[in-house]
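This report refers to the structure that appears directly beneath it.
Residue numbers (my numbering): 647 to 921.
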């Protein structure tokens, strides 16, 4: 019924909107508009066209000129007990959250023919990642720095590019692998920030960990749904995808309670501990 209306009277379409946002280069505008889009989705004020085949000639994702992107091996580590060291740590987290906005938006616009709930799940994730980025960027400014002042690496987005042709591989290797590492890394990072006296940053980490459990759960839910639809066994398929796409080998310690809360099965956790 809606499609018979003039385009000016239709609700905005989610996947087109996600594509418009992912090519936005200004981080603050991207974050603000993504949060607004997520609110529109929660209010039922968006259409979803799963069948649309979307393309763009613009750079995906849109990025600011800074930070300079370098190899992870060359990212300088600074002592947490110094003001600059804490700022560098907050900057690294801010960059991760900026990438996470793009990853969620990419999951929406790139992959066609998924259920409507898939797109709404990733829209919620995108809105929460945008909030995380905004909280960290504001806190970074209180330390005398802005996003872009330190070099950063691009490992998260590199895996997104590798898995751009298969939504199953994307679900397996981005939310369930790279982003799930945040579940393991957050508690020790929070402890270090609190020990250094940055209790505001520690409180932001609490918010991020709470939400990231839900984000990884979204990846788990759709990975399993796709495995079921293709008649694949999840654990064996995950191993095959990890080898094929050269995913990093995960090493402990692992935050097993958070991983359980995010929907990893006991069999999956046992396989993880065997690596």
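We treat Cβ as the ideally placed atom computed from N, Cα and C, and that holds for glycine.
Per DSSP, the unbroken alpha helix (DSSP H) holding residue 866 starts and ends at 845-876. Going by beta carbons, residue 779 and residue 825 fall outside the 8 Å limit. At the C-beta level, residue 853 and residue 789 stay beyond 8 Å of one another. Residue environment analysis places residue 828 among the buried positions, since at least 16 neighbouring C-beta atoms fall within 10 angstroms of its C-beta.
Around the C-beta of residue 685, fewer than 16 other C-beta atoms lie within 10 Å, and the residue is accordingly described as exposed. With a cutoff of 8 Å on beta-carbon distance, residue 660 and residue 690 are scored as not near each other. Distance from the CA atom of residue 857 to the CA atom of residue 771, rounded to whole angstroms, is 8 Å.
Around the Cβ of residue 773, a 10 Å sphere holds 16 or more other Cβ atoms; the residue is buried. In the structure shown, residue 723 falls within a coil segment according to DSSP collapsed to helix, strand and coil. Around the CB of residue 714, fewer than 16 other CB atoms lie within 10 Å, so the residue is classed as exposed. Annotated as distal: residue 760 and residue 721, with beta-carbon spacing of 8 Å or more.
Between residue 708 and residue 747, the C-beta spacing is not below 8 Å. Sixteen is the threshold: when 16 or more other Cβ atoms of the shown chains lie within 10 Å of the Cβ of residue 905, as they do, the residue is buried. Of the candidates 866, 745, 898, 836, the residue whose Cα lies closest to the Cα of residue 798 is 745. Inclusion of residue 738 and residue 785 in the CB contact set at 8 Å is not warranted, their separation being larger than that value.
With a beta-carbon spacing of about 11 Å, residue 835 and residue 850 fall beyond the 8 Å limit used to define contacts. For residue 798, the three-state secondary structure derived from DSSP is strand. Per DSSP, residue 793 lies in no alpha helix (DSSP H) segment and is marked neither H nor E. Contact check for residue 884 against residue 815 fails: the beta carbons are separated by 8 Å or more. At a Cβ-Cβ threshold of 8 Å, residue 881 and residue 912 do not count as neighbours.
Counting along the chain, the unbroken alpha helix (DSSP H) around residue 745 starts and ends at 729-755. The straight-line gap separating the alpha-carbon atoms of residue 819 and residue 727 is approximately 34 Å. In the DSSP annotation of this structure, the continuous segment of the alpha helix (DSSP H) that includes residue 881 starts and ends at 880-890. Residue 783 has its alpha-carbon roughly 20 Å from the corresponding atom of residue 683.
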